[in-house]
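First comes the structure, then the notes that go with it.
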Ligand SMILES: Cc1cc2nc3c(=O)[nH]c(=O)nc-3n(C[C@H](O)[C@H](O)[C@H](O)COP(=O)(O)OP(=O)(O)OC[C@H]3O[C@@H](n4cnc5c(N)ncnc54)[C@H](O)[C@@H]3O)c2cc1C
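Residue numbers (our numbering): 13 to 492.
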């Protein structure tokens, strides 16, 4: 065996989960290799430039970035210095012509809602107490609220449909409707954004990925970019053999005591690991599990007064029925409101997101046409919301579900891993059954605690701790 290609751990995929896990393993003194198919690290969390505008390709708003919050702590312990701008207001919701502002302080938000919905005053206080309790006690709440959807929880506390919709408006961060999302998953996400606020990372979300990658390398980690993993098996010594596609057709092999996967679990098991070695529970779960939907994104560079844009940043629902209208909802974001370096002087960078189905086989056969049609439909809606945009466009570009799938290899361009329905929210644990024996660990948004940058970072951190505690770097107990 070539010692040069031998590592304590090999990580497949340089998304946030893989990067955080890699940093902490390297920090503990382990020899770690990250293999990433793209030409840069970050996965869903990357930034790109067009004509002087900077856009966040995917992730853009982060939670838990306050001084002593989880994401800040994960970065600070790695000596990564990253500035986050706290957004004020934290959120804005639009339902037809009605508008709501979420202050960046949960107490103020409670008072704000109590003023708007005086008949529900007591219920609002009780609801937020419950929400915080659930978020603080995730594990016991998962048992207590096992089969409960977020809508069930709202119905227990409130009658007013408008209030229920306001309290559901952030559901787009998890991609499925209130009548399907797990109450616990929704409360955990809301608590992270409402308690500590919503944040924009200065320099763009991709800078966080770049800083993690730089820190990983300065801790002695190695990273191979433009290298796609094509298979994982174990050899007679128990080492994992990770095969990477090479341009000349022959696979290059790397050997690891343990393997960490930060990629779509379905692809890992379907394409990279011999099917015969799959645990039956995993086979069963994979065949029935539902991923989150994908997104379409419009990237706009505009010559328009920031004040005009600021008033319209937020979630735009056509009316109060969030279950019916989630697919129609636009989320308008503008990084240059928080970080001037995102756009040339007197201009603004905007990102507009909408849930979008992955096309069937024929749906995107003429890809240019498919992409243009998405741009046209989304732009028409944006112009309906901010008419002045029409004559102030400097840049227009877009990403489709096909772009997201191609770039991240997340099936059907799933934006946040598995759909967090009550039945599936716990399955992320079950998915891992039997894998540790084979020396394979899972991080990222297809695992616990779920979708989003914060969750992917938490998974990377927790798995690194588990691996270090269990001392798993000498090879697998079970052959795959
Ligand atoms: C459009 C969009 C907007 C979003 N907005 C937000 C937001 O505002 N806030 C938020 O918190 N979250 C947001 N999310 C979700 C969040 O970005 C993701 O949940 C999180 O970044 C996923 O991280 P991950 O570690 O699971 O890896 P991923 O980002 O999925 O990255 C996986 C990496 O593995 C690589 N890879 C895959 N297969 C292979 C292979 N065979 N060999 C080598 N490398 C491989 C991929 O190239 C990729 O780099 C958004 C997601 C999308 C798509």
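Glycine included, each C-beta is placed from N, C-alpha and C at the ideal position.
Where does the unbroken alpha helix (DSSP H) through residue i begin, and where does it stop?
{"i": "residue 176", "result": "173–178"}
{"i": "residue 348", "result": "Premise fails: residue 348 is in no alpha helix (DSSP H) and is neither H nor E."}
{"i": "residue 106", "result": "It is not in any alpha helix (DSSP H) - residue 106 instead sits in the beta strand (DSSP E) that spans 103–107."}
{"i": "residue 397", "result": "379–397"}
{"i": "residue 79", "result": "That residue, residue 79, is in no alpha helix (DSSP H); it is neither H nor E in DSSP."}
{"i": "residue 123", "result": "118–128"}
{"i": "residue 98", "result": "Per DSSP, residue 98 belongs to no alpha helix (DSSP H); it is in the beta strand (DSSP E), 96–98."}
Identify every residue that forms a DSSP beta bridge with residue i.
{"i": "residue 366", "result": "308"}
{"i": "residue 301", "result": "Paired residue(s): none; residue 301 is not in a bridge."}
{"i": "residue 74", "result": "211"}
{"i": "residue 243", "result": "255"}
{"i": "residue 112", "result": "105"}
{"i": "residue 410", "result": "310"}
{"i": "residue 62", "result": "65"}
{"i": "residue 161", "result": "194"}
{"i": "residue 288", "result": "BP columns for residue 288 are empty, so no partner."}
{"i": "residue 47", "result": "24, 236"}
Does the beta-carbon of residue i, which I'm using as the reference point, lie nearer than 6 Å to any heavy atom of ligand 1?
{"i": "residue 195", "result": "no"}
{"i": "residue 387", "result": "no"}
{"i": "residue 465", "result": "yes"}
{"i": "residue 26", "result": "yes"}
{"i": "residue 342", "result": "no"}
{"i": "residue 459", "result": "no"}
{"i": "residue 264", "result": "no"}
{"i": "residue 45", "result": "no"}
{"i": "residue 240", "result": "yes"}
{"i": "residue 437", "result": "no"}
{"i": "residue 417", "result": "no"}
{"i": "residue 72", "result": "yes"}
{"i": "residue 302", "result": "no"}
{"i": "residue 422", "result": "yes"}
{"i": "residue 187", "result": "no"}
{"i": "residue 57", "result": "yes"}
When the Cα atoms are used, what is the spatial distance from residue i to residue j?
{"i": "residue 231", "j": "residue 125", "result": "48 Å"}
{"i": "residue 234", "j": "residue 353", "result": "31 Å"}
{"i": "residue 150", "j": "residue 461", "result": "10 Å"}
{"i": "residue 349", "j": "residue 36", "result": "33 Å"}
{"i": "residue 53", "j": "residue 492", "result": "28 Å"}
{"i": "residue 310", "j": "residue 363", "result": "6 Å"}
{"i": "residue 252", "j": "residue 110", "result": "57 Å"}
{"i": "residue 282", "j": "residue 373", "result": "20 Å"}
{"i": "residue 248", "j": "residue 486", "result": "13 Å"}
{"i": "residue 305", "j": "residue 193", "result": "13 Å"}
{"i": "residue 447", "j": "residue 454", "result": "8 Å"}
{"i": "residue 370", "j": "residue 427", "result": "11 Å"}
{"i": "residue 474", "j": "residue 134", "result": "38 Å"}
{"i": "residue 71", "j": "residue 29", "result": "13 Å"}
Take residue i and list the residues in its own chain whose beta-carbon comes closer than 6 Å to its own, dropping the five residues that flank it on each side.
{"i": "residue 308", "result": "366, 368, 386, 412"}
{"i": "residue 407", "result": "62, 63, 65, 313"}
{"i": "residue 76", "result": "82, 83, 204, 208, 466"}
{"i": "residue 237", "result": "48, 51"}
{"i": "residue 73", "result": "210"}
{"i": "residue 114", "result": "101, 102, 103, 121"}
{"i": "residue 43", "result": "19, 20"}
{"i": "residue 264", "result": "256, 258"}
{"i": "residue 250", "result": "487, 488"}
What residue range is occupied by the uninterrupted beta strand (DSSP E) comprising residue i?
{"i": "residue 213", "result": "210–213"}
{"i": "residue 235", "result": "234–236"}
{"i": "residue 22", "result": "18–24"}
Beta-carbon within less than 8 Å of residue i's beta-carbon, same chain only, minus the 5 sequence neighbours each way: which residues are those?
{"i": "residue 335", "result": "163, 189, 190, 191"}
Which same chain residues end up closer than 7 Å to residue i when comparing Cβ atoms and leaving out the 5 residues on each side of it in sequence?
{"i": "residue 316", "result": "360, 400, 401, 404"}
{"i": "residue 173", "result": "332"}
{"i": "residue 346", "result": "321, 325, 360, 361, 362"}
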